[in-house]
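Q:
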Amino acid sequence: MRILGIDPGSLVTGYGVLEKNGADILHVDSGVIAPSPRKLFSARLHEIYTNLGILLKKFRPDEVAIEEVFFAQNVRSALKLGEARGVALLAIENQGLPMFEYSAREVKQAITGYGQADKQQVQKMIQRLLKLPEPSAVDASDALAIAFCHFQSRKMKSYDRAS
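Laid out in structure tokens, this is it:
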């Protein structure tokens, strides 16, 4: 079973690919898609969409886990995040893959045991859980955390979808 986790963002979109091998969850790849902030916003969205399509074809995940939109205080930032998330959802849908959504709180709870953990706590815990030699970039760690959370929750989420 292979899962692609996505942490959507208009400036940086993190991705993480994990694979289950027996009882072990293994790191396959992770990184970020970071279009130049000097590009037009529509061009940045296109770059995110195109690169996610490439990653989906390259890694052939069985399922995709993505972070839900959170409520931001800055309305303009929330809209841009929603648009970036929208192109990610479109890339996933174009591949016909099952997609599961998790709130930031659910992910933090699953990884650290504390739903209000900060990004550095999640980053360090992911490094430890996946036995990575060094921490991944923050957005890549978040995407790995989303994928890891999905491995822990997928039976329940699959059941919920069937209802």
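Residues in the sequence shown are numbered consecutively from 36, following our numbering.
Glycine residues also receive a C-beta, built at the ideal position from the N, C-alpha and C atoms.
Keep in mind it's a predicted model, so treat the numbers as computed, not measured.
#1: Touching or not, the stretch 132-143 and the stretch 51-62, by the rule of three or more beta carbon pairs under 8 Å?
#2: Quick check on DSSP: helix, strand or coil for M160?
#3: Can you list, in chain order, the residues of its chain with a C-beta nearer than 6 Å to that of R37? Leave out the 5 residues immediately preceding and following it.
#4: Given a cut-off of 8 Å, decide if L75 and A126 are closer than it, judged by their beta-carbon atoms.
#5: Can you round the beta-carbon distance between I161 and A100 to whole angstroms, since I take them to be within the 8 Å contact cut?
#6: Find out if the Cβ-Cβ distance for the pair L39, V47 is shorter than 8 Å.
#7: Mind checking whether E128 and P43 have CB atoms under 8 Å apart?
#8: For R95, which of helix, strand or coil comes out of DSSP?
#9: Considering only residues of the same chain and omitting the five flanking positions on each side of G49, which have a CB-CB separation below 6 Å?
#10: Taking the C-alpha atoms as reference points, what is the distance between S45 and L116?
#11: Label I89 either buried or exposed according to how many other C-beta atoms from any shown protein chain fall within 10 Å of its C-beta, with 16 as the threshold for buried.
#12: According to DSSP, is S198 part of a helix, a strand, or is it coil?
#13: Relative to the alpha-carbon of H62, which residue among L167, S188, G131, A119 has its alpha-carbon at the smallest distance?
#14: What does the alpha-carbon distance come out to for the pair C184 and K154?
A: On the basis of the data shown:
#1: no
#2: helix
#3: E54, P96, D97
#4: no
#5: Not quite, the Cβ-Cβ distance comes to about 14 Å (not below 8 Å), so this is no contact.
#6: no
#7: no
#8: coil
#9: D42, V67, D174, A175, D177, A178
#10: 6 Å
#11: exposed
#12: In this predicted model, S198 has a pLDDT of only 45, less than 50, meaning its place in the structure is not dependable; the value taken from the coordinates is given anyway. S198 falls in the coil class under three-state DSSP.
#13: L167
#14: 15 Å
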